[in-house]
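Sequence order for the protein chains is A and B.
Just add 1 to the spot in the first sequence (first one is 1) and you have this note's numbering.
Just add 95 to the spot in the second sequence (first one is 1) and you have this note's numbering.
Presented below is the structure to which this report refers.
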Amino acid sequence: MSSRRSFVGVAVLATVCGSLLCAQTPPATLVVTGDVATPLTLKAEDLAAMPREKVSIPDQDGTPVEYSGVLLREILKRAGAPLGNQLRGSALTTYVLAKAHDGYQVVYTLGEIDAAFGNTTILVADQRDGKSLFEYQGPFRLVCPGDKAGARSVRMLETLEVVRLKK
Amino acid sequence: MRRLLAFLFVVVSIVSCFGASGDDTGYQWNLPKGFPKPLVPADNPMSAAKVELGRYLFYDKRMSVNGTQSCASCHKQELAFTDGRPVGIGATGERHSRSAMSLVNVAYSAVLTWSNPGLKSLEEQALVPMYGDHPVELGLRKGDRFIAALRADKTYPALFAKAFPTEPDPYTVANVTKAIASFERSIISARSPYDRYHYDRDDNAVSEAAKRGEVLFFSQHISCFRCHGGFNFSDATVSERNAGHTVEFHNTALYNLAGVLSYPLPNLGIYEYTRDPADVGKFKTPTLRNIALTAPYMHDGSIPTLEGVIDHYAAGGRAHDNPNRDHLVGGFQISREGRDDLVEYLKSLTDEEVTRDPQFADPWPSDATR
């Protein structure tokens with residue numbers, strides 16, 4: 002499957018927003034909400050104080066770019082999402098809906114993120130090559146170095162909504 | 096002895112690798128960060144001497160049947176190597192059916208011209224304006240005396256000898272096209288305000304309006320980047336890092352005439368080659384670099400301004416009921432301010448230096464008879 006087709010497939014989840022909304026600068030916060038014990042509203046300084054990770058991925062033209070930030074797993078853990086020992090039974094029906102400022106949305110399951118299952122590295126990045134992200138990318142974005150296509154690397158990330166399908 | 100053989104094997108292997116990329120002559124690309132190395136045919140490696148010869152040929156009007164036009168007649172440096180016309184006009188006055196494409200960063204073009212999926216070699220493409228007669232561009236004919244004219248010019252012996260040093264008689268059509276192709280590949284545009292903003296991280300290089308426009312460019316609901324993505328702002332881009340890229344062609348709903356052939360003749364897009372009705376109206380995505388200099392727009396120059404192009408896409412195409420309309424041309428809402436911001440972003444892609452860089456300029460004295 003081509004990366005474009007992958008992109009379009011994922012984009013089915015996307016919604017459309019008004020142009021005026023998109024033209025505004027995204028808020029400098031990241032909200033973690035939904036089925037979590039401790040909803041969070043994170044600022045850049047909050048991410049700066051968390052354990053930091055770096056990943057290098059190729060840009061669209063193949064140029065390696067280093068992103069740094071905090072693992073999605075770490076942020077969800079702090080919000081009280083069922084991870085580690087709690088991720089069993091019906092908790093495995095839990096997913097994260099990552100929403101961008103422009104309405105773009107993608108899904109990750111907790112199973113693919115958790116260290117005992119998929120153990121996939123997904124970064125909530127706030128820096129690119131040691132500097133803040135460009136406005137069309139930030140202030141926060143997801144970076145998924147394990148994905149072949151870039152469509153789940155949500156730019157202008159605004160909200161992480163945790164949804165448990167089976168309670 | 097075995098060590099010597101092993102050493103020689105390694106040396107030969109290294110040399111062979113460079114040869115495969117066509118870059119064994121020490122040619123310096125001077126590419127900025129973010130720009131991969133272009134693909135170069137193994138049988139025409141880049142060299143400074145070939146690029147220089149190609150520059151003289153590119154600007155030489157003896158390359159046309161009546162001495163009135165050169166490659167530069169339709170590819171003017173000050174216009175980012177386009178001509179400012181809706182469609183090109185050949186040496187004999189015949190109108191081309193499509194507009195002259197920009198040559199900036201043509202080294203990265205996966206396919207050449209607007210709609211020929213099989214034309215991938217600049218050397219081969221050069222023969223089209225030289226000898227093509229549908230339409231006549233430069234209007235040369237096999238057996239014309241232009242090679243003799245080049246041979247007689249006192250400028251060329253040293254240039255040809257340096258460009259093709261192993262050939263006893265380098266004055267051939269094949270070598271002319273190799274030199275022109277080498278010159279064209281050397282026209283790299285990478286010094287725009289956008290480049291300073293992105294690759295040098297100079298936050299003051301572009302305006303706040305351009306930054307807002309970039310957000311729109313990459314937004315989900317407008318998504319210009321889906322076709323105009325990457326460092327060269329085109330999904331028809333290849334490089335050494337991305338050699339196997341599959342090129343997609345797009346119907347942008349410019350027309351919807353009655354019948355299967357919904358686009359006006361002779362511009363049917365890649366249908367001309369595939370004969371698949373689903374391909375009618377599908378054209379290559381051109382680069383957006385220097386787009387503010389290359390009006391009018393689209394394959395037939397039928398939209399005069401960038402604002403008009405944005406309005407076209409916002410409407411989902413002016414003939415949005417074309418059955419082949421690309422699913423990415425779905426239309427969107429944009430305010431007047433948003434459109435202005437998007438235009439400012441597109442203007443930030445203008446590389447003024449490439450339009451006046453002496454290494455791409457006409458090398459002939461103004462009083463030359465060529």
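The beta-carbon is built from N, C-alpha and C at its ideal position, and this holds for glycine as well.
Quick one, which residues of the segment 49-64 of chain A are near chain B if we go by CB-CB under 9 angstroms, in chain order?
-> So the list reads P59, D60, Q61, D62, G63, T64, given in the order they occur along the chain.
Own chain, CB closer than 6 angstroms to A38/A, minus 5 neighbours either side, in chain order | As a first step, residue 38/A is located in the first sequence; it is residue number 37 there, counting from the start. Beyond the five residues adjoining it in sequence on each side, A38/A comes within less than 6 angstroms, by CB distance, of G81 in the same chain, given in chain order.
Using DSSP with H/G/I as helix, E/B as strand and the rest coil, what is V223/B?
-> Locating residue 223/B in the second sequence gives position 128, counting from the first residue. Of the three classes helix, strand and coil, the one that applies to V223/B here is helix, per DSSP.
Decide if the segment 382-390 of chain B is in contact with the segment 438-451 of chain B; the criterion is three or more beta carbon pairs, one per stretch, under 8 angstroms apart.
-> Contact holds: three or more Cβ-Cβ distances are below 8 angstroms.
To the nearest angstrom, report how far apart E46/A and P146/A are at their CA atoms.
-> As a first step, residue 46/A is located in the first sequence; it is residue number 45 there, counting from the start. As a first step, residue 146/A is located in the first sequence; it is residue number 145 there, counting from the start. Each residue's Cα considered, the two are about 24 angstroms apart.
Residue environment, L84/A, which counts as buried when at least 16 other CB atoms sit within 10 Å | Walking along the first sequence from the start, residue 84/A turns up at place 83. Buried.
Mind checking if D148/A is an interface residue toward chain B, Cβ cutoff 8 angstroms exclusive?
-> Reading the first sequence from its first residue, position 147 is the one you call residue 148/A. Interface flag for D148/A against chain B is unset, since no Cβ pair is found closer than 8 angstroms.
Report the neighbours of A152/A on chain D: residues whose CB is nearer than 8 angstroms to its CB, in chain order.
-> No chain D appears in this structure, whose protein chains are A and B.
According to DSSP, is P136/B helix, strand or coil?
-> Within the second sequence, the letter at position 41 stands for residue 136/B. In this structure, P136/B counts as coil in the three-state DSSP scheme.
Determine the contact status of H191/B and V182/B, defining contact as a CB-CB distance below 8 angstroms.
-> For the purposes of this step, residue 191/B is taken as residue 96 along the second sequence, with counting starting at 1. For the purposes of this step, residue 182/B is taken as residue 87 along the second sequence, with counting starting at 1. Yes, the Cβ-Cβ distance between H191/B and V182/B is below 8 angstroms.
Whose C-beta lies closer than 7 angstroms to the C-beta of L155/A among residues of the same chain, with five residues either side of it excluded?
-> Working through the first sequence from its first residue, we reach residue 155/A at position 154. Note that residue 155/A is Val in the sequence shown here, rather than Leu. So the qualifying residues of the chain are A99, A101, Y105, V107, R142, L143.
What span of residues does the alpha helix (DSSP H) with I242/B cover, start to end?
-> Locating residue 242/B in the second sequence gives position 147, where the first residue counts as 1. Per DSSP, the continuous alpha helix (DSSP H) segment holding I242/B begins and ends at 241-247.
Provide the residue span of the beta strand (DSSP E) that contains T64/A, from first to last.
-> On the first sequence, residue 64/A is found 63 positions in, with the first residue counted as 1. Counting along the chain, T64/A falls outside any beta strand (DSSP E), and DSSP gives it neither H nor E.
Stretch-stretch touch, CB-based, cutoff 8 angstroms, three pairs: the segment 400-415 of chain B with the segment 254-269 of chain B | Counting Cβ pairs under 8 angstroms, fewer than three are found: no touch.
Kindly list, in the order they appear in chain A, the residues whose Cβ is closer than 9 angstroms to that of E367/B.
-> Counting from 1 along the second sequence, the entry for residue 367/B is found at position 272. Near E367/B there are no residues of chain A at all, since even the closest Cβ is about 24 angstroms away, more than 9 angstroms.
Is the CB-CB distance between K377/B and N346/B below 8 angstroms?
-> Counting from 1 along the second sequence, the entry for residue 377/B is found at position 282. Counting from 1 along the second sequence, the entry for residue 346/B is found at position 251. Closer than 8 angstroms, so yes.
State the Cα-Cα distance for the pair Y366/B and N86/A, rounded to the nearest angstrom.
-> Position 271 of the second sequence, counting from 1, holds the residue named residue 366/B. Position 85 of the first sequence, counting from 1, holds the residue named residue 86/A. Y366/B and N86/A have their C-alpha atoms roughly 59 angstroms apart.
Buried/exposed call for P58/B, threshold 16 Cβ in 10 Å = Shown here, chain B extends from 96 to 465; a query on residue 58/B therefore has no answer.
Find out if the Cβ-Cβ distance for the pair T94/A, K167/A is shorter than 8 angstroms.
-> On the first sequence, residue 94/A is found 93 positions in, with the first residue counted as 1. On the first sequence, residue 167/A is found 166 positions in, with the first residue counted as 1. In this structure, K167/A lies closer than 8 angstroms to T94/A by Cβ.
So is the beta-carbon of N211/B under 7 angstroms away from any non-hydrogen atom of the ligand MG?
-> As presented, the structure is devoid of all ligands, the ligand MG included, so that no description of it is given.
According to the neighbour-count rule (16 or more other Cβ atoms, all chains shown, within 10 Å of its Cβ), is A205/B buried or exposed?
-> Taking the second sequence and counting its residues from 1, the one referred to as residue 205/B is at position 110. With 16 or more Cβ atoms within 10 Å of its Cβ, A205/B is classed as buried.
Please name the residue, chosen from T250/B, E335/B, L235/B, D421/B, that lies closest to C322/B on a Cα-to-Cα basis.
-> For the purposes of this step, residue 322/B is taken as the residue at position 227 of the second sequence. Measuring from the Cα of C322/B, the nearest candidate turns out to be D421/B.
For F427/B, which of R74/A, R153/A, D103/A has the nearest alpha-carbon?
-> Here residue 427/B corresponds to residue number 332 of the second sequence, with the count starting at 1. Checking every option, the nearest Cα to that of F427/B belongs to D103/A.
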